[in-house]
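**Q**
There are 2 protein chains.
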Amino acid sequence: MSSLYSILCQTEPMSAPSLRARVRSEMSQEIKDVARRHLATDGANLSLRAVARDLDIVASALYRYFPSRDALLTALIIDAYDALAAAATTAESAVPREDLRGRWLAVCRGVRTWALAHPAEYGLIYGSPVPGYAAPQDTVEPATKVILLLAAIVTDAGDRIRSLTASPLTAPLRADLRRLIRERQGTMLEERLDRVLVAWTHLYGVLNFEVFGRLDEMIEARAEYFDHHMILMADLTGLPA
Amino acid sequence: MSSLYSILCQTEPMSAPSLRARVRSEMSQEIKDVARRHLATDGANLSLRAVARDLDIVASALYRYFPSRDALLTALIIDAYDALAAAATTAESAVPREDLRGRWLAVCRGVRTWALAHPAEYGLIYGSPVPGYAAPQDTVEPATKVILLLAAIVTDAGDRIRSLTASPLTAPLRADLRRLIRERQGTMLEERLDRVLVAWTHLYGVLNFEVFGRLDEMIEARAEYFDHHMILMADLTGLPA
DNA sequence: CTCATTAGAGAACACTGTTCTCGCTCAAGA
DNA sequence: TCTTGAGCGAGAACAGTGTTCTCTAATGAG
Chain A
1 MSSLYSILCQ TEPMSAPSLR ARVRSEMSQE IKDVARRHLA TDGANLSLRA
51 VARDLDIVAS ALYRYFPSRD ALLTALIIDA YDALAAAATT AESAVPREDL
101 RGRWLAVCRG VRTWALAHPA EYGLIYGSPV PGYAAPQDTV EPATKVILLL
151 AAIVTDAGDR IRSLTASPLT APLRADLRRL IRERQGTMLE ERLDRVLVAW
201 THLYGVLNFE VFGRLDEMIE ARAEYFDHHM ILMADLTGLP A
Chain B
242 MSSLYSILCQ TEPMSAPSLR ARVRSEMSQE IKDVARRHLA TDGANLSLRA
292 VARDLDIVAS ALYRYFPSRD ALLTALIIDA YDALAAAATT AESAVPREDL
342 RGRWLAVCRG VRTWALAHPA EYGLIYGSPV PGYAAPQDTV EPATKVILLL
392 AAIVTDAGDR IRSLTASPLT APLRADLRRL IRERQGTMLE ERLDRVLVAW
442 THLYGVLNFE VFGRLDEMIE ARAEYFDHHM ILMADLTGLP A
C-alpha cells in the first residue's frame, strides 16, 4: 500500500533509487527545510512564492514537487508528527527500564522540549486544524506514539500500580476503552488506559498553554510547573514512586 | 481608560449616542456577524472581500469600520472570549450555591457546549495564535474568568475540601501561585489554586482534543468522556462529594 | 545517438489585503 | 435657512498570493 506521504512526494518505488529520483528527493527535502524556516518566522501563513525565492526558483517550479500548498503543509505536518514521536522515544529510551517514573517524565519532557524548540510545527499539529490539511491515515500512527509510550510504562509497572479508586468508569466509556485495547491487541485494564488518556490529555493541555503563551504573565517557573503537572498525572495513574 | 476594543470599533464616548454613531455600531456588528459566519465555514482564513460581498459592499468600505483584517479578527477574538466567559457564567449561576460539584460541572459543561457550538471561534482563541492578533490587554480579563469561577467554587467549599497530599509544591512554583493570589487580593491556599489551575488546564486539554477532532476515531462517548475527566479533576482538587 | 521524460521559466488568471481618490449624503454650525 | 465639513461608499490601483498552462532546455534511458 502506498502511503499518502509517498504520493505527495511522488517518490518512486524503492527498487532502483536512480540518480534522478535521488536529486528529486533531495530537492523535496530542501523545499521542506526552507518552508520550515519560513514557518518558524511567519507563522502558519507561509508563502510558496517566498519559499521559491529563497531557493532561487520560480514559484511554479515548486509544483513539480508538491501538487499544492496544502500538500506541502501536509508533508510538514507529517514530518512534525514523526519528529515529535522520535523525540519522545529517544528521550524515553535513555532511561533504565525499571525507573518507571523516570521514563514517564522523560517522555513528557521530551515532548515539551521538542515543542518549545519547534513552536510553529507544534502549533501546526496541535493547534487549530486548518480545513484542507492533515491527511488522517499517515498521521494517526505517529500521533498515538506518545500514548503508547505512556501505556507501555503503565504496563511495565504490572501490579505495582496503586489501585485506582475514584470516579468509576461508565459503561459506554468502558466500551470505548475496551475497543481501543482490543484494536491494539493489548491486555491492559480499562481503568489504566483511562488514566493514561487522562495523563496524555493533560500533557498536551499544559503544553498548549505554554507554547501558545497563555502562561506568559502567570507562571514564571514554567519547567517546574510542567514537571509538577506531569508528576501529578503519574500519581493519578497510580504509578509507583 | 479607553480599551483597545473601543479604539478598534471607533465607538464614540457614551455621552451622546448620536444616530450616526448608532448606525455605525450596528454596521460594525453586522460586519462581525457576517465574518463570524464565514469563519464557521472557511476556517481562520476569512476573506474581507467575501465578507464585503455578502454585505453588498465594496471591500474598501470595510476599512471605515475596521482598520485592517487583523483588527476585525481581533474584534472577533475579543467577542469570543466574552461569549465563552458569559456561557460559563450563566451556566454556573443556574445551579444552587451549595451544590459545589454541580456548579463545577456546570462551568465545565458550559464551556464545552459553547466550544462545540462555535468551534471556529473556539479555535481562534484556544488554537495556535496567529502573530498579528490577540491584543493582550482586553483578552486577559475574560480569559481568566473560567479560572475565577472554579476558584470561587473551591473557596466556597472552605474546609470541606479534602486534604491535598500528593506532589508538594516547590518553592518557585509556590511563589508564582502566591503572587497570583495576591494580585487578585485573594486568600486562597497555594495548594488549592494549584489544583484549580490543574483542572483548568485539563478542561482545555480535553476540549482542544474534542473540538479539534483528535478524539474522532477514538472515543465515541464524548460527553461521558468529558464529564468523567471533569469529575476526576474535581476529585483531584478535593471538592467534597 | 535519439528521443521521450523531466525540471524549470515565464506568462496568465483569479484571487487577496490595502491605499488612495473621488463623489455623494446628511447632520450640525453660522 | 443655507453652508460646510465630516463620514460613507465606490472604484481604481498596487503589490502580493496560489495555481495552471505553455514553452524551452537538458538529461537520462533505450
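Residue numbers (the working numbering), protein chains in the order written: chain A, 1 to 241; chain B, 242 to 482. Note that CB positions come from ideal geometry on N, CA and C, so glycine has one too.
#1: If you count every other CB in all the chains shown that lies within 10 Å of the CB of B/Glu339, and 16 or more means buried, which is it?
#2: Rounded to the nearest angstrom, what separates A/Ile242 and A/Thr165 at their Cα positions?
#3: Quick one, which of B/Ala384, B/Ala332, B/Ser301, B/Met474 has its alpha-carbon nearest A/Leu215's?
#4: Across the segment 410-428 of chain B and the segment 353-369 of chain B, are there enough close Cβ pairs to call them in contact, namely three or more that are closer than 8 Å?
#5: Taking all protein chains shown into account, decide if B/Leu314 is buried (16 or more other Cβ within 10 angstroms of its Cβ) or exposed.
#6: Among B/Gly446, B/Gly454, B/Glu451, which residue has its Cα nearest to the Cα of A/Phe273?
#7: Just checking: is the beta-carbon of B/Thr354 within a distance shorter than 7 Å of some beta-carbon in chain A?
#8: Under 6 Å Cβ to Cβ from B/Glu362, same chain only, skipping five residues before and after it: list those, please.
#9: Output the boundary residues of the alpha helix (DSSP H) element that contains B/Val275.
#10: Look up A/Glu191 in the DSSP assignment and say whether it is helix, strand or coil.
#11: Taking only beta-carbon positions, decide if B/Asp216 is within less than 7 Å of chain A.
#12: Nearest-angstrom Cα distance between B/Trp345 and B/Leu438?
#13: Who are the near neighbours of B/Ala291 in its chain, counting only those whose CB is closer than 7 Å to its CB and skipping five residues on each side?
#14: Under 7 Å between beta-carbons, which chain A residues line up against B/Met459? List them in chain order, please.
#15: Here's the rule I'm using: 16 or more other beta-carbon atoms within 10 Å means buried, otherwise exposed. How should A/Val146 be labelled?
#16: So what does DSSP say about A/Asp56, is it helix, strand or coil?
#17: Taking its Cβ as the centre, do 16 or more other Cβ atoms sit within 10 Å of A/Arg160, making it buried, or is it exposed?
#18: Three-state secondary structure (DSSP) at A/Leu46?
#19: Cβ of B/Phe453 less than 7 Å from any chain A Cβ?
#20: Grouping DSSP H, G and I as helix and E and B as strand, with all else coil, what is A/Met233?
#21: Looking at the structure shown, is B/Arg423 part of a helix, part of a strand, or coil, going by DSSP?
#22: CA-CA distance, B/Leu421 and A/Tyr225?
#23: Does the CB of A/Asp54 have a neighbour CB from chain B at under 7 Å?
#24: Using 8 Å as the cut-off, can you tell me whether the segment 347-358 of chain B makes contact with the segment 424-433 of chain B, which would need three or more C-beta pairs spanning the two stretches below that distance?
#25: Skipping 5 residues on each side, what residues in its chain have a beta carbon closer than 8 Å to that of A/Ala241?
#26: Roughly how many whole angstroms lie between the Cα atoms of B/Ser404 and A/Leu239?
#27: So which residues on chain A does B/Pro413 lean against when the C-beta distance must stay under 8 Å?
#28: Under 6 Å Cβ to Cβ from A/Ala91, same chain only, skipping five residues before and after it: list those, please.
#29: Less than 7 Å between the beta carbons of B/Thr380 and B/Arg436, yes or no?
#30: Who are the Cβ neighbours of B/Leu444 in its own chain at under 6 Å, not counting the five residues just before and after it?
#31: So is A/Thr41 buried or exposed if we call it buried at 16+ other beta carbons inside 10 Å?
#32: If you draw a straight line from the alpha carbon of B/Met459 to that of A/Pro119, how long is it in whole angstroms?
#33: Taking 7 Å as the threshold (C-beta atoms), are A/Asp176 and B/Ala462 in contact?
#34: Counting contacts by CB-CB distance shorter than 7 Å, is A/Asp79 in contact with chain B?
#35: Given a cut-off of 7 Å on the beta-carbon distance, is the pair B/Leu473 and A/His228 in contact?
**A** Taking the structure as given:
#1: Indexing the second sequence from 1 puts residue 339 of chain B at position 98. When all chains shown are included, B/Glu339 counts as exposed.
#2: Past the edges of chain A, shown from 1 to 241, lies residue 242 of chain A, and the structure says nothing about it.
#3: Residue mapping note: residue 215 of chain A aligns to position 215 of the first sequence, counting from 1. Looking at the Cα atoms, B/Ala384 is the closest of the given residues.
#4: no
#5: As a working mapping, residue 314 of chain B is identified with position 73 in the second sequence. Buried: at least 16 other Cβ atoms inside 10 Å.
#6: This structure cannot speak to residue 273 of chain A, because chain A is shown only from 1 to 241.
#7: Within the second sequence, residue 354 of chain B is the residue found at index 113, counting from 1. B/Thr354 does not count as touching chain A.
#8: Mapped onto the second sequence, residue 362 of chain B falls at position 121. Cβ within range, chain order: Ala321.
#9: Along the second sequence, read from residue 1 onward, the residue named residue 275 of chain B stands at position 34. First-last of the alpha helix (DSSP H) with B/Val275: 260-283.
#10: To locate residue 191 of chain A, count along the first sequence from 1; it is residue 191. In this structure, A/Glu191 counts as helix in the three-state DSSP scheme.
#11: Past the edges of chain B, shown from 242 to 482, lies residue 216 of chain B, and the structure says nothing about it.
#12: Position 104 of the second sequence, counted from the start, is the residue given in the question as residue 345 of chain B. Position 197 of the second sequence, counted from the start, is the residue given in the question as residue 438 of chain B. So the alpha carbons of these two residues sit roughly 14 Å apart.
#13: The count along the second sequence starts at 1 and reaches residue 291 of chain B at position 50. Result list for B/Ala291: His279, in chain order.
#14: Translated into the one-based positions of the second sequence, residue 459 of chain B becomes position 218. Leu180, listed in chain order.
#15: Stepping through the first sequence from its first residue, residue 146 of chain A is reached at position 146. Around the beta carbon of A/Val146, 16 or more other beta carbons sit within 10 angstroms, so the residue counts as buried.
#16: Working through the first sequence from its first residue, we reach residue 56 of chain A at position 56. A/Asp56 falls in the coil class under three-state DSSP.
#17: As a position in the first sequence, residue 160 of chain A is number 160, starting the count at 1. Classification of A/Arg160: exposed, given that the 10 Å Cβ count is below 16.
#18: Residue numbering aside, residue 46 of chain A sits at position 46 when the first sequence is read from its first letter. Residue state, collapsed to three classes: coil.
#19: Taking the first residue of the second sequence as position 1, residue 453 of chain B is located at position 212. B/Phe453 counts as touching chain A.
#20: The residue labelled residue 233 of chain A in the question sits at position 233 within the first sequence. Of the three classes helix, strand and coil, the one that applies to A/Met233 here is helix, per DSSP.
#21: One-based indexing of the second sequence puts residue 423 of chain B at position 182. Helix at B/Arg423.
#22: For the purposes of this step, residue 421 of chain B is taken as residue 180 along the second sequence, with counting starting at 1. For the purposes of this step, residue 225 of chain A is taken as residue 225 along the first sequence, with counting starting at 1. Whole-angstrom Cα-Cα distance: 14 Å.
#23: One-based indexing of the first sequence puts residue 54 of chain A at position 54. A/Asp54 does not count as touching chain B.
#24: no
#25: Along the first sequence, read from residue 1 onward, the residue named residue 241 of chain A stands at position 241. Taking A/Ala241 as the centre and dropping the five residues before and after it, the same chain places the C-beta of Arg101 closer than 8 Å to its C-beta, in chain order.
#26: Within the second sequence, the letter at position 163 stands for residue 404 of chain B. Within the first sequence, the letter at position 239 stands for residue 239 of chain A. Using only the alpha carbons, I get a separation of about 21 Å.
#27: Working through the second sequence from its first residue, we reach residue 413 of chain B at position 172. What B/Pro413 touches in chain A: Glu220, Ala221, Glu224.
#28: In the first sequence, counting from the first residue as 1, residue 91 of chain A sits at position 91. For A/Ala91, where only same-chain residues beyond five positions count, the Cβ hits under 6 Å are Ala106, Gly110.
#29: By 1-based counting over the second sequence, the position of residue 380 of chain B is 139. By 1-based counting over the second sequence, the position of residue 436 of chain B is 195. No, they are not a contact pair.
#30: Counting from 1 along the second sequence, the entry for residue 444 of chain B is found at position 203. So the qualifying residues of the chain are Cys349.
#31: Within the first sequence, residue 41 of chain A is the residue found at index 41, counting from 1. When all chains shown are included, A/Thr41 counts as exposed.
#32: Along the second sequence, one-based indexing puts residue 459 of chain B at 218. Along the first sequence, one-based indexing puts residue 119 of chain A at 119. Their Cα atoms are separated by approximately 26 Å.
#33: Here residue 462 of chain B corresponds to residue number 221 of the second sequence, with the count starting at 1. Here residue 176 of chain A corresponds to residue number 176 of the first sequence, with the count starting at 1. In contact: B/Ala462 and A/Asp176 (Cβ atoms closer than 7 Å).
#34: The residue you call residue 79 of chain A lines up with position 79 of the first sequence. Not an interface residue.
#35: On the second sequence, residue 473 of chain B is found 232 positions in, with the first residue counted as 1. On the first sequence, residue 228 of chain A is found 228 positions in, with the first residue counted as 1. Not closer than 7 Å, so no.
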